[in-house]
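Residue numbers (the working numbering), protein chains in the order written: chain S, 1470 to 1553; chain D, 3 to 603.
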Amino acid sequence: MDTSRDAYWKANIRLVTGCLIIWFSVSFGCGILLVDFFNQFRIGGYKLGFWFAQQGSIFTFLVLIFYYAIHMNTLDRKYGVRED
Amino acid sequence: MDLQTLTYITIGLSFVLYIGIAIWSRASSTGDFYVAGKHVHPVANGMATAADWMSAASFISMAGLISFLGYEGGMYLMGWTGGYVLLAMLLAPYLRKFGKFTVPEFIGDRYYSQLARVVAVICLIFISFTYVAGQMRGVGIVFSRFLEVPVDTGLFIGMGVVFIYAVLGGMKGITYTQVAQYCVLIFAYTVPAVFIAINATDNPLPQLALGSELSDGSGYLLDRLDKTLVDLGFGDYTSPFNDKSMIDVCAITLALMVGTAGLPHVIVRFFTVPRVRDARISAGWALLFITILYTTAPAVGALSRMNLITTVNGVDGSGTSYAAIPAWFKTWENSGLLAWYDHNGDSKVQYAAGNAFAGDGKPAFAGEQRGKNRERVTSNPGEGEPVGNAPFANEVYVDRDIMVLANPEIAGLPDWVIALVAAGGIAAALSTAAGLLLVISSSVSHDLLKGTFTKTISDRTELMAGRVAAGFAIAIAGYLGLHPPAFVAQVVAFAFGLAASSLFPAILMGIFNKRMNKWGAITGMLSGLSFTLGYIIYFKGVFIEPFAANIPENWILGISPEGAGVIGMAVNFTVATIVARNTAPPPPHIQQMVDDIRVPN
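Below, the structure written as structure tokens:
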């Protein structure tokens, strides 16, 4: 593996790791493990922990995938590994 | 026009549409048949993935499940969406770069082993058939409820339609049919939801209505629901861990996420887009289209629970006399999904916590016999004792599936909405069934015939073999739908655990761990699969009597069989790593292949 491909792979792993930390924090963190803590706070009629478990984490997942996909396109160009 | 005619016309038109699309996009090569020629636009693929993914269970049962579980319903919502994050970042782009036709083909090539490929085919067929039997049953049930034909007739009609477009069109036909089916099902799901959201809260967006104040001025919907449920002796709606422990909620959520990412019929959809970057963004589109339904479902769940309680117990909360109960109550009572036993003899219908009926809580009807209030007579009334501080004993049995199917009637919506819901339920079941049948047939014709046993067959013969295999798979799925083994309903949920513990780790390590070799992967898949299967059978007794009571005290770490995939996955990773360390590393050309799939060009 030449150096630019190697660097591309490392940058990719960094990005994915960051995204997965957020993925874990909103669902398992805010939605399950710390749900009682977050349930002390409210937005509108929602207890916050309940909101994370039933809606908030889903919206976060959505943002994460689009962020990842767009950021990867930048990495593809930066390291010269873009297709066609 | 009466409701039934309208329903026939709506469903008939949707079938004409699906078959028309299949004829327009029929497959002419194996590439078309397996992966739609890799020409599918990422947005279209996202829609097709959403329809592929959302089954009869998502459409009909999920909102009902949430409405009875409350907070714990979140494990299904997070579990069945969080998997797409894993799919987008860990699997889809690399498998697309690999650029072949099937999941077992990747495992066979990456682990340079026919044995690994055959093991993957076995995992795939086991996962997919348990899943598809439930779908065919779903088609039959929707037909029988809305068109009043026998379940079996409905099943044959469904099989016929899937046969036409799956066999003729292959993946190409299925893809564009699924796009149409997504449009039908999402429209059918959201229209009634918007109506009931406006009725209850004046807020047309169900996602916001769930957190809004009720329009009758009695405060926030969720607060009101919490209080109402507690007054009736239930656990409150929004508090965590009423039904399951924290560790079990974590395990089930993770098993569903990883299982989703490991389901072959979902993975293979990402083989159909033109480029690696299309595979990444396509997963985002898929999740967007899924999110529309999955964020509507909790609102439907909470609103329909509230509607049910106020309709049955009346405005003053003392119950409604059976003579004055709305017509939908009697319609669903006739279909056996609702039942009433007048425990306190006051001729009023009352709903509270506890089982109204003895045994497993389901009513045993005494034929079509009618009681003194003209209600259906049942032969197994329960004790009739109030639970907690409830003012009366529960007298009503409610099947959870009613929540979505009866919603339009409960909210008093026009007939065309009800007809649309029927067409939506069928679209959801057919689209998932077709996707599953395709991965089964392609693993038979491509992985077993072309890849393992008769390597010399031509493209034309392989295409014919794929079509014949699809025909056989439909026949077997139909048979399972007609004669559902008693365990099908439970096993469908376990398909996720099996996918999580077998295919997902093998694919993941194939991409991210260059040192993983064939012996590690094979022993890992087999040990993960057999552990999960064993754990389920030990507590649930799928073919035999269970070995131990299915209670938290007996479970490993307090993880129920539904979450067993997580332990199975850990077993898989551990066994694979230990075995791979003690056997020869993969040959250089395989390590080169891993380097190649890691970059897009």
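Quick reminder that beta carbons are idealized off the backbone N, C-alpha and C, glycines included.
Which same chain residues end up closer than 8 Å to D/ASN47 when comparing Cβ atoms and leaving out the 5 residues on each side of it in sequence? Within the second sequence, numbered from 1, the residue matching residue 47 of chain D stands at position 45. Answer for D/ASN47: THR177, ARG271, PHE272, THR274, VAL275, ASP280, SER284, TRP287, ALA288, listed in chain order.
Beta-carbon separation (whole angstroms), D/THR255 vs S/ILE1482, contact threshold 8 Å: One-based indexing of the second sequence puts residue 255 of chain D at position 253. One-based indexing of the first sequence puts residue 1482 of chain S at position 13. The pair is not a contact, with the Cβ atoms about 25 Å apart (cut-off 8 Å).
Consult DSSP for D/TYR222 and reduce its assignment to one of helix, strand or coil. Walking along the second sequence from the start, residue 222 of chain D turns up at place 220. Here D/TYR222 carries a strand assignment [DSSP, helix/strand/coil].
Quick one: is D/ILE502 near chain S, going by C-beta distance under 8 Å? Residue 502 of chain D sits at position 500 when you count from the first residue of the second sequence. Residue identity differs from the one stated: residue 502 of chain D is Ala in this sequence, not Ile. Not an interface residue.
If you count every other CB in all the chains shown that lies within 10 Å of the CB of S/VAL1532, and 16 or more means buried, which is it? Stepping through the first sequence from its first residue, residue 1532 of chain S is reached at position 63. Classification of S/VAL1532: exposed, given that the 10 Å Cβ count is below 16.
Review point. Around the C-beta of S/LYS1547, are 16 or more other C-beta atoms found within 10 angstroms, so that it is buried, or is it exposed?
Key: Taking the first sequence and counting its residues from 1, the one referred to as residue 1547 of chain S is at position 78. Per the 10 Å Cβ criterion, exposed.
Can you tell me which residues form a DSSP beta bridge with D/TRP342? Mapped onto the second sequence, residue 342 of chain D falls at position 340. Answer by DSSP bridge pairing, in chain order: D/VAL398.
- Query: What residues are listed by DSSP as bridge partners for D/PHE367?
  - Reply: Position 365 of the second sequence, counting from 1, holds the residue named residue 367 of chain D. Answer is D/THR380, bridged to D/PHE367.
query = For D/ILE569 versus D/ILE561, is the C-beta distance shorter than 8 Å?
reply = The sequence position of residue 569 of chain D within the second sequence is 567, counting from 1. The sequence position of residue 561 of chain D within the second sequence is 559, counting from 1. The answer is yes: Cβ separation under 8 Å.
query: Is it right to say D/PHE359 is buried, meaning 16 or more other beta carbons lie within 10 angstroms of its own, or is it exposed?
result: Within the second sequence, residue 359 of chain D is the residue found at index 357, counting from 1. Result: buried.
| query | Cβ of D/TYR86 less than 8 Å from any chain S Cβ? | reply | Numbered from 1 along the second sequence, position 84 holds the residue referred to as residue 86 of chain D. Judged by the 8 Å Cβ criterion, D/TYR86 is in contact with chain S.
Got a sec: is the Cβ-Cβ distance from S/GLN1523 to anything in chain D below 8 Å?
Indexing the first sequence from 1 puts residue 1523 of chain S at position 54. Yes, its Cβ sits closer than 8 Å to a Cβ of chain D.
* What residues are listed by DSSP as bridge partners for D/PHE359? -> In the second sequence, the residue the question calls residue 359 of chain D occupies position 357. DSSP output for D/PHE359 lists D/PRO383 as bridge partner(s).
(Q) Let's test the definition: count the other Cβ atoms within 10 Å of the Cβ of D/ASP34 and tell me whether it reaches 16, buried, or not, exposed. (A) Position 32 of the second sequence, counting from 1, holds the residue named residue 34 of chain D. The residue is buried, with at least 16 neighbouring Cβ atoms inside 10 Å.
Q.
Short of 9 Å Cβ to Cβ, which residues in the region 242–265 of chain D face chain S?
A. PRO242, PHE243, MET248, VAL251, CYS252, THR255, LEU256, MET259
### Message
Tell me the residue span of the alpha helix (DSSP H) that contains D/VAL419.
### Response
For the purposes of this step, residue 419 of chain D is taken as residue 417 along the second sequence, with counting starting at 1. D/VAL419 -> alpha helix (DSSP H) spans 417–444.
Margin query: Taking 8 Å as the threshold (beta carbon to beta carbon), is D/TYR296 in contact with chain S?
Written below: Working through the second sequence from its first residue, we reach residue 296 of chain D at position 294. Chain S contact via Cβ: present.
Quiz item: Closer than 7 Å, Cβ to any Cβ of chain S: which residues of the region 186–216 of chain D, in chain order?
Solution: GLN209, GLY213, SER214, GLU215
- Determine the burial state of D/VAL317: buried for a count of at least 16 other Cβ atoms within 10 Å of its Cβ, exposed for fewer. Numbered from 1 along the second sequence, position 315 holds the residue referred to as residue 317 of chain D. D/VAL317 is exposed by the Cβ-count criterion.
inquiry  = Within 8 Å of any Cβ in chain S, is that where the Cβ of D/ASP218 sits?
reply    = For this step, residue 218 of chain D is matched to residue 216 along the second sequence. No - not a single Cβ of chain S is within 8 Å of the one on D/ASP218.
- When the Cβ atoms of the region 305–313 of chain D are set against those of the region 210–226 of chain D, are three or more pairs found closer than 8 Å? yes
- [ ] Indicate whether the contact test is met: 3 or more Cβ pairs, each with one atom in the region 3–14 of chain D and one in the region 1520–1534 of chain S, closer than 8 Å.
- [x] no
Checklist line | D/TRP330 and D/GLU411 closer than 8 Å at C-beta | finding: The residue you call residue 330 of chain D lines up with position 328 of the second sequence. The residue you call residue 411 of chain D lines up with position 409 of the second sequence. Result yes, Cβ atoms of D/TRP330 and D/GLU411 sit closer than 8 Å.
* **Beta-carbon spacing of D/ILE127, D/SER504 below 8 Å** => In the second sequence, residue 127 of chain D corresponds to position 125, counting from 1. In the second sequence, residue 504 of chain D corresponds to position 502, counting from 1. Cβ atoms of D/ILE127 and D/SER504: not closer than 8 Å.
When the distance is taken between beta carbons, is D/SER529 closer than 8 Å to D/VAL577?
Along the second sequence, one-based indexing puts residue 577 of chain D at 575. Along the second sequence, one-based indexing puts residue 529 of chain D at 527. Their beta carbons are under 8 Å apart, which means D/VAL577 touches D/SER529 by this criterion.
What number of angstroms, rounded off, separates the C-alpha of D/ASP401 from the C-alpha of S/GLN1524?
Counting from 1 along the second sequence, the entry for residue 401 of chain D is found at position 399. Counting from 1 along the first sequence, the entry for residue 1524 of chain S is found at position 55. The alpha-carbon atoms of D/ASP401 and S/GLN1524 are separated by roughly 25 Å.
Exercise for the section: Could you give the DSSP three-state label for S/MET1470: helix, strand or coil? Expected result: To locate residue 1470 of chain S, count along the first sequence from 1; it is residue 1. Per-residue confidence for S/MET1470 stands at a pLDDT of 48, beneath the threshold of 50, marking its modelled position as unreliable; no derived number is given.
**Asked** Three or more C-beta pairs closer than 8 Å, one from the region 440–456 of chain D and one from the region 138–145 of chain D: is that the case here?
**Response** no
Where does the unbroken alpha helix (DSSP H) through D/GLN593 begin, and where does it stop? Counting from one through the second sequence, the residue named residue 593 of chain D turns up at place 591. Counting along the chain, the alpha helix (DSSP H) containing D/GLN593 begins and ends at 590–599.
request  = Quick one: give me the first and last residue of the alpha helix (DSSP H) that D/ASN47 is part of.
outcome  = Counted from its first residue, the second sequence places residue 47 of chain D at position 45. D/ASN47 -> alpha helix (DSSP H) spans 44–55.
Taking just the CA atoms, how far does D/ARG583 sit from S/MET1470?
-> Taking the first sequence and counting its residues from 1, one reaches residue 1470 of chain S at position 1. Taking the second sequence and counting its residues from 1, one reaches residue 583 of chain D at position 581. Low local confidence applies: a pLDDT of 48 at S/MET1470 is under 50, so the model's placement there is unreliable, with the coordinate-based value given in what follows. Cα to Cα, S/MET1470 sits roughly 23 Å from D/ARG583.
message: 8 Å is my cut-off, CB to CB: does S/LEU1533 come that close to chain D?
response: Here residue 1533 of chain S is taken as the residue at index 64 of the first sequence, counted from 1. Chain D contact via Cβ: present.
Please compile the residues from chain D whose C-beta is within a distance smaller than 7 Å of the C-beta of S/PHE1530. Here the question's residue 1530 of chain S lines up with position 61 in the first sequence. Here the neighbours are THR83, GLY84, TYR86, VAL87, LEU289.
| message | What does the alpha-carbon distance come out to for the pair D/VAL87 and S/TYR1477? | response | In the second sequence, counting from the first residue as 1, residue 87 of chain D sits at position 85. In the first sequence, counting from the first residue as 1, residue 1477 of chain S sits at position 8. Between D/VAL87 and S/TYR1477, the alpha-carbon positions lie close to 20 Å from each other.
Report buried or exposed for D/GLN209, applying the criterion of at least 16 other Cβ atoms within 10 angstroms of its Cβ.
-> Working through the second sequence from its first residue, we reach residue 209 of chain D at position 207. Taking every protein chain shown into account, the CB of D/GLN209 has 16 or more other CB atoms within 10 angstroms, so this residue is buried.
_8 Å is my cut-off, CB to CB: does D/TYR73 come that close to chain S?_
For the purposes of this step, residue 73 of chain D is identified with residue 71 of the second sequence, where counting begins at 1. Yes, because at least one Cβ of chain S sits closer than 8 Å to the Cβ of D/TYR73.
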